[in-house]
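Worksheet: the structure to be examined is printed underneath.
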Amino acid sequence: MFTGIVEEVGTIDTISRGANSAVLTIRAEKVLDGTKVGDSIAVNGICLTVTRLMPHAFTADVMHETLNRSSLANALRGAHVNLERAMAADGRFGGHIVSGHVDGTGRIAEVKKDDNAIWYTIQAAPQLMRYIVEKGSVTIDGISLTVAKVAEDNFSISAIPHTVSQTVLKDRKVGAVVNLETDIIGKYVEKLLFKGQSEGTTEEMTGAQTIKENAPHKSGEKQQNGITRDFLAKYGF
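Just so you know, we're using our numbering here: the sequence shown kicks off at 1386 and counts up by one.
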């Protein structure tokens, strides 16, 4: 588990590619402190397992699913990457809950300066945008950020100079592909409440259905699918 507070910017030293996999060697310093083989390090928001440690670098295996879901498919030697060690149990929770399991990628559509801040507008697919909430949290290349605006097919964040200078955001230009992890809480709530999904459509909530099945109904009363304000008030919520 991570927090989205980047500890260090590392550099990809080597990439050894297989048919549908890769092995990365990443130069780093700070994140190696106390790290052991088998530990997790988030690389641009992707949870990777350390497979080998060297004095100033570590290696990690990247599997097919990770390449399909993330920007690592197009990673180049010499590229900078955000690095964060897994959160210690006694550490401060400075960002938000980040699993390191990237949902997909987005593309930077606009970069705009606003006094001391820089706005980044990210285009993303509908299956990701459904979880993007204004003033909610989103992880971009492993950085915990607050969503400032939401449109139909994009969202915007406003980053302070410190965040830009201490992360790979300083390298990101219009057209760049970035890794996205949406707020994990929203996904779990949806999974628990909804029986099924289709593209852009939500089926009736199983939690509501269970309550309705156990609640008394008047003869011939038509049951409504889903949770409404009237339904919640009627059953004491």
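All residues carry an ideal CB built from backbone N, CA and C; glycine is no exception. This one's a predicted model, so the numbers in the text were calculated from it and none came from an experiment.
DSSP has residue i in a bridge; who is on the other side?
| i | result |
| --- | --- |
| ASN1467 | VAL1394 |
| ASP1446 | VAL1408 |
| ILE1542 | TYR1505 and VAL1532 |
| MET1439 | ALA1442 |
| PHE1387 | VAL1483 |
| PHE1622 | PHE1622 pairs with nothing; no bridge assigned. |
According to DSSP, is residue i part of a helix, a strand, or is it coil?
| i | result |
| --- | --- |
| VAL1559 | coil |
| THR1434 | strand |
| THR1548 | helix |
| ASN1564 | strand |
| ASN1405 | coil |
| SER1425 | strand |
| THR1399 | strand |
| PHE1616 | helix |
| LEU1578 | helix |
| ALA1458 | helix |
| THR1451 | helix |
Using only alpha-carbon positions, find the residue among the options that is nearest to residue i.
| i | options | result |
| --- | --- | --- |
| ILE1397 | VAL1553, ALA1502, THR1531 and VAL1518 | VAL1553 |
| GLY1463 | GLY1485, GLU1519, GLY1395 and ILE1517 | GLY1395 |
| GLU1450 | GLY1521, LYS1520, SER1406 and GLY1479 | SER1406 |
| THR1436 | ASP1424, SER1455, LYS1558 and LEU1468 | ASP1424 |
| LEU1461 | VAL1422, ALA1544, PRO1546 and VAL1408 | VAL1408 |
| GLN1508 | PHE1443, ALA1494 and LYS1558 | ALA1494 |
| SER1628 | GLN1512, ASP1499 and GLU1575 | Since the first and last residues shown for the chain are 1386 and 1622, residue 1628 lies out of range. |
| ALA1445 | VAL1428, PHE1478, PHE1616 and SER1543 | VAL1428 |
| ILE1503 | SER1550, TYR1516 and GLU1537 | SER1550 |
| GLN1625 | THR1567, VAL1466 and VAL1483 | Only positions 1386 to 1622 of the chain appear in the structure, and residue 1625 is not among them; the question remains open. |
| MET1439 | SER1529, VAL1422 and SER1455 | VAL1422 |
| ASP1526 | LEU1468, GLY1476, LEU1577 and LEU1617 | LEU1468 |
| LEU1433 | HIS1441, THR1531, SER1455 and LYS1415 | SER1455 |
| ILE1431 | ILE1400, LYS1415 and MET1386 | MET1386 |
| LYS1497 | VAL1559, TYR1516 and GLY1571 | VAL1559 |
For the ligand GDP, any of its heavy atoms closer than 7 Å to the Cβ of residue i?
| i | result |
| --- | --- |
| VAL1466 | No copy of the ligand GDP appears in this structure; indeed no ligand is present at all. |
Report buried or exposed for residue i, applying the criterion of at least 16 other Cβ atoms within 10 angstroms of its Cβ.
| i | result |
| --- | --- |
| ALA1473 | exposed |
| GLY1585 | The predicted position of GLY1585 is uncertain, since its pLDDT is 48 and thus under 50; a value taken from the coordinates is nonetheless stated next. It counts as exposed. |
| GLY1419 | exposed |
| MET1514 | buried |
| THR1595 | With a pLDDT of only 44 at THR1595, under 50, the local geometry of the prediction cannot be trusted, and the value read off the model is given with reservation. Flag for THR1595 reads exposed. |
| ILE1390 | buried |
| VAL1563 | buried |
| ASP1556 | exposed |
| VAL1470 | Here residue 1470 is Arg; the residue named in the question, Val, does not match the sequence. By the neighbour-count rule (16 or more Cβ atoms within 10 Å), ARG1470 is buried. |
| THR1613 | exposed |
| VAL1574 | exposed |
| GLU1588 | Residue placement at GLU1588 is poorly supported in this model, since its pLDDT is 42, which falls under 50; the coordinates still yield a value, given next. Exposed: under 16 other Cβ atoms inside 10 Å. |
| GLU1392 | buried |
Is there a Cβ from chain D that is less than 8 Å from the Cβ of residue i?
| i | result |
| --- | --- |
| TYR1505 | The structure shown contains no chain D; it is built from a single protein chain. |
**Study point:** Contained beta strand (DSSP E) runs [length at least 3] in the region 1471-1540, N- to C-terminal order
**Key:** 1489-1499, 1502-1508, 1522-1525 and 1528-1535
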